[in-house]
């Protein structure tokens, strides 16, 4: 008999027995495999009174309660049938505890499945009579206590899984006597220490999982007694040291995972006893070097992961003994060079990852021994050239990655390799020259040269590339295409020419018989010739987004297999085409379409016409589009009720009408949409729901009515929409006192209510057993019924915000929602939080109780919220925090204590925040910070201390921590020397805005510096032997006392510089660009500049954005700026000239995108003439965003052209 019919018969039997029995519940099953789904609350009987009638005569039976809701294992089941119960499955049964005698009679039990429940403790000797157990699953519970003799007597146990719990201590004898164990899972607990010889009785164990704990050390006797262990996972711990003999007993180990720890060094003998080790993962540690003998005995090693360490060099003998290595991953280190002999024995390697190091040069011959290499990744290094012969002997090389280097020349010798090479990736290299012969030997299937600054392509570049399938040239400066260049690419399938400067492609793309995907977005195309794709008949997808097209080109209508077309962000006014198209997807958002002509698009399944000028739709608009499944008409000018407009769209599943002033809906609005599942009606000026407008939408699953002014959703409003899973009533700026229409929606999974005042019905959540998300903003309840959440046991996200009547959280408020993952209690009136209130929330990962008047936090408040990753306690009235406040938050990643009244914090308060990466202490009252405050925060990367009263920092602050970003803005520093700080070598970003700095010294390794609003006239950079030049790439120094650019000339890596609101009488722009070649953004506005010198520039500059506005320049001689050929944005308004040569400006800057003219009152005629000239070359006006501290209010004009004042 099938399982379906069996279950049906069982249900009938159970119901009959339940009805006929009195005083107790009896559940029957007459098979050897019984399945029960019971809900203790709905049965309303003490679980101790449950009885089971299991009549099968087999020697053993299996029983499952999978998906039930039972607080304990029903006692009578074990008492009455323990002698024949072989398997008990209580997976996801909401079990909250197991008693010491629960399994006292389970004498034949072999398999116990108790994973994903709420059990918190395992007792001594609880399996003393269940000695036949072979498998026990307690994973994904909330176990924080396992007593020492819990598993005593289980000599037959083979598999024990206790991963994803909260276990901190493992008693010494916990695994004593488990000699048959083969598989032990202890991952994702809170284990800090492994007692010596803990596993010594596990002589048969094969796999041990200890990852995602907090283990600090691996001692000599940690793994004694496990000679057969083949897989050991110690990843994602806090291991900083490993005893040289720790792995000595593990002679059969094949797999060792040590990634994501804090290992700084390894002894040479660490792996001497691992001759059969196949895979070793040491990635994400702090290794600076590896002993040359580390792999001397690991002769079987096949895969080696060294990613994300701090390796600066590798000894040439390191890989001498590992001849079987096939994959080597050394990316994200600090390697500056590769020894020529390093790879001499690696003849089997097929993957070598060297991405993101500091390799600037590789000697030819270095890779020659890698005879079987198929993939070589050198992305993100400092390679300046590819020497001839470097890859010549790599006969099997197929994929070569060279993205993000400094390669400027591609010569005919660069890729002198065998014809096995299939892919070359050269994105983000400053390529100045390409030899026509540079691809002479390779027959590529893929070539990518995105964002390389290419202006032209050699005519014969692809002459021998007849098998190329994908070519990507995105983000270059190509202004035209030569048809002869692309002619050999007859097999091309995908071509990306997006974000270039193409104005006309003529017929250069007309002969790609196999082209499937073409991307021309982000160019300057105004039209396409009618035969642009004459022989490109296989094209299925074309992207023409963000061009200057005014109509759908005839050329695309001739493509017989075109299925998807994107024309968003053009200037298209009509959808009319002259012949039928086979399109399934058409994207027309952000155009100027005022009416729809869709009769030629009979195959359409998805149509997006948002943000156009549509003002009406007729009954025939969609008459020919009967296959449509998705339709977006948001952001137009449509008015309601649109009756019977959508009748032809019987297959429509998703409809969006947001941001149209429909005003009125009737039942006829959605007539015929029987399959509609998703309806979005945000901001449609809907005042009420009357006459059941959604009555015909019986399959509707998602309804968004946000940003309207609905005052009620009564019982009848959604009475026909029982299939709804999501409903959104957000940002309705009125009060709503009737939500009765939501009460009967039993299938809801997500409900969001945001009003000025929400009157929450007491029965709102009744029977909503599937509800996963509930958001209530703007209510006025002071309390909720005791069991308000009782039915919503599945709730994962809960937000109650902006309720000033909500002053207290009852201690049992969250008792019925124990599976919450996110909880937001923002901007209420909670003044106290009682100890224990969050205890049921053992799975909670995000908690926000900001903007409540909380003065004190009880020490045990977060004692059971072990899973927290993000905690916000900002904008409260906290003046102190207990020293043990955060002791149980090992997993916390982000902590926000900003905007409080904290003057000091006790040392040790953060000591167990082992995972914390970001802490915000902004806008408190700190006058000093003790170095010991941050002890233990081993992963701390970003610290926010802005808006305090700090005037000095202890140099040892953050010592030994991986600090990358520090914000000290709005404090009281008058001088600051970052170079002497203990964190100087790690820090990448420093914020010191709005202090009173008159002197500043920084380390050479700093990358971004923000110092607006100080009194600085110079910046000193401390150079060292290991860092001979500054790596600063970004400086914002607005509003200081700089009178010269002299201090910046030495910053050779600078790419962004903002020195507006300073005082430069003369600007030596030529010298600046000569000294700082990467500089592409410069702002010297509002700085009293009278003269700009551009002479002396020796090579093309990188400058793309130049702002010289609001200075004292009396003329603009465009020819003086002609050296800045790459300029895209030129901001020049607010000076003392009111005209310039428009023709010279446009002719000089061929890549110009925007001109900034604000601040000057121009002649209206001049502006109109300029506007017309700009339109011809696709140049637009630039508008500044205003900084309230520095910028004055926007000009009020009597006359203006596009927002720019004129007279």
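Numbering (our numbering), first residue to last: 18 to 1224. Note that beta-carbon positions come from the ideal geometry of N, C-alpha and C, so glycine has one too. Please read all numbers here as calculations on a predicted model, not as lab measurements.
Under the three-state reduction of DSSP, which class applies to residue i: helix, strand or coil?
{"i": "residue 98", "result": "helix"}
{"i": "residue 1182", "result": "helix"}
{"i": "residue 272", "result": "strand"}
{"i": "residue 580", "result": "coil"}
{"i": "residue 1165", "result": "helix"}
{"i": "residue 484", "result": "coil"}
{"i": "residue 1220", "result": "coil"}
{"i": "residue 65", "result": "helix"}
{"i": "residue 1192", "result": "helix"}
{"i": "residue 925", "result": "coil"}
{"i": "residue 1135", "result": "helix"}
{"i": "residue 889", "result": "strand"}
{"i": "residue 673", "result": "strand"}
{"i": "residue 1090", "result": "helix"}
{"i": "residue 625", "result": "strand"}
{"i": "residue 872", "result": "coil"}
{"i": "residue 1065", "result": "helix"}
{"i": "residue 59", "result": "helix"}
{"i": "residue 950", "result": "helix"}
{"i": "residue 534", "result": "strand"}
Could you pull the DSSP bridge partners for residue i from this structure?
{"i": "residue 131", "result": "Note: residue 131 sits in no beta bridge, so no partner."}
{"i": "residue 793", "result": "770, 817"}
{"i": "residue 51", "result": "80"}
{"i": "residue 1124", "result": "1100, 1148"}
{"i": "residue 935", "result": "911, 959"}
{"i": "residue 598", "result": "Answer is none; residue 598 lacks a bridge partner."}
{"i": "residue 504", "result": "DSSP output for residue 504 lists no bridge partner at all."}
{"i": "residue 1053", "result": "1027, 1075"}
{"i": "residue 71", "result": "46"}
{"i": "residue 883", "result": "Partner(s): none; residue 883 has no beta bridge."}
Is the beta carbon of residue i within less than 7 Å of some heavy atom of the ligand ADP?
{"i": "residue 1137", "result": "Looking for the ligand ADP in the displayed structure turns up nothing, as the structure carries no ligands at all."}
Within 10 Å of its beta-carbon, does residue i have 16 or more other beta-carbons around it, so buried, or fewer, so exposed?
{"i": "residue 984", "result": "buried"}
{"i": "residue 216", "result": "buried"}
{"i": "residue 76", "result": "exposed"}
{"i": "residue 38", "result": "Since pLDDT at residue 38 reaches only 40, below the 50 mark, its modelled position is unreliable, and the value read off the structure follows with that caveat. Exposed, by the Cβ-count rule."}
{"i": "residue 892", "result": "buried"}
{"i": "residue 678", "result": "exposed"}
{"i": "residue 96", "result": "exposed"}
{"i": "residue 1082", "result": "exposed"}
{"i": "residue 459", "result": "buried"}
{"i": "residue 125", "result": "buried"}
{"i": "residue 1013", "result": "exposed"}
{"i": "residue 680", "result": "exposed"}
{"i": "residue 961", "result": "buried"}
{"i": "residue 1218", "result": "buried"}
{"i": "residue 1112", "result": "exposed"}
Taking contact to mean at least 3 C-beta pairs separated by less than 8 Å, is the segment 849 to 856 in contact with the segment 816 to 823?
no
Taking the runs of the beta strand (DSSP E) that are 3 residues or longer, which of them lie wholly in the segment 960 to 1041?
982 to 984, 992 to 994, 1006 to 1008, 1016 to 1020, 1025 to 1027, 1037 to 1039
Please list the segments of the beta strand (DSSP E) lying wholly inside the segment 136 to 220, counting only runs of 3 or more residues, in order along the chain.
152 to 154, 176 to 178, 200 to 202
So, do the segment 635 to 652 and the segment 665 to 680 have three or more beta carbon pairs nearer to each other than 8 Å?
yes
For the structure I just gave you, are there three or more beta carbon pairs, one from the segment 177 to 186 and one from the segment 195 to 204, closer than 8 Å?
yes
Starting from the N-terminal side, write out each stretch of the alpha helix (DSSP H) that is 4 residues or longer and does not extend beyond the segment 722 to 770.
757 to 760
Are the segment 93 to 110 and the segment 127 to 147 touching, with three or more C-beta to C-beta distances below 8 Å?
yes
Counting pairs of beta carbons, one from the segment 343 to 354 and one from the segment 310 to 325, are three or more of them closer than 8 Å?
yes
Cβ contact (3+ pairs, closer than 8 Å) linking the segment 871 to 881 and the segment 138 to 151
no
Three CB pairs or more closer than 8 Å across the segment 568 to 580 and the segment 543 to 557
yes
Do the segment 589 to 604 and the segment 537 to 553 touch if we need at least three Cβ pairs shorter than 8 Å?
no
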